[in-house]
Amino acid sequence: MKRDVATFVARCLICQQVKIEHQRASVLLQQLDIPVWKWDEISMDFVTGLPQTQRRHDAIWVVVDRLTKSAQFLPIRKDYSAQVQYCLSSPDRRSE
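Positions 1105 to 1200 (this note's numbering) are the ones given, in order, by the sequence shown.
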């Protein structure tokens, strides 16, 4: 049946006219430089929407080293995640 549907859609003029392209046009990928030192380049994310612990943590701050792929999982409170993002967005704000 799958083959019959594919054949019908391929031959149907209206189906071809309204067919939506789901993929973006591909571009050449840029290779990332390999970091020289551990923890020199990191990626991070926040996992929120978790149940609250006894210490009132309800989020996890995930920090991953790009070189070694080692990860740190830090329990935080959801209201702290905005402050962490603000402080890390600019080197001038780290002491605030």
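Beta carbons: idealized from backbone N, C-alpha and C, even for Gly.
Quiz item: Cα-Cα, which of 1177, 1163, 1172 is closest to residue 1142?
Solution: 1172
Quiz item: Does the count of Cβ pairs from the segment 1172-1183 and the segment 1154-1164 closer than 8 Å reach three?
Solution: yes
Quiz item: Whose CA, out of 1175, 1174, 1167, lies closest to the CA of residue 1189?
Solution: 1167
Quiz item: Mapping DSSP to helix, strand and coil, what is residue 1144?
Solution: coil
Quiz item: What separation, rounded to the nearest whole angstrom, lies between the Cα atoms of residue 1120 and residue 1113?
Solution: 7 Å
Practice problem: Within the same chain, show all residues whose beta-carbon is closer than 7 Å to that of residue 1187, passing over the 5 residues directly before and after it, in chain order. | Solution: none
Quiz item: Is residue 1129 helix, strand or coil by DSSP?
Solution: coil
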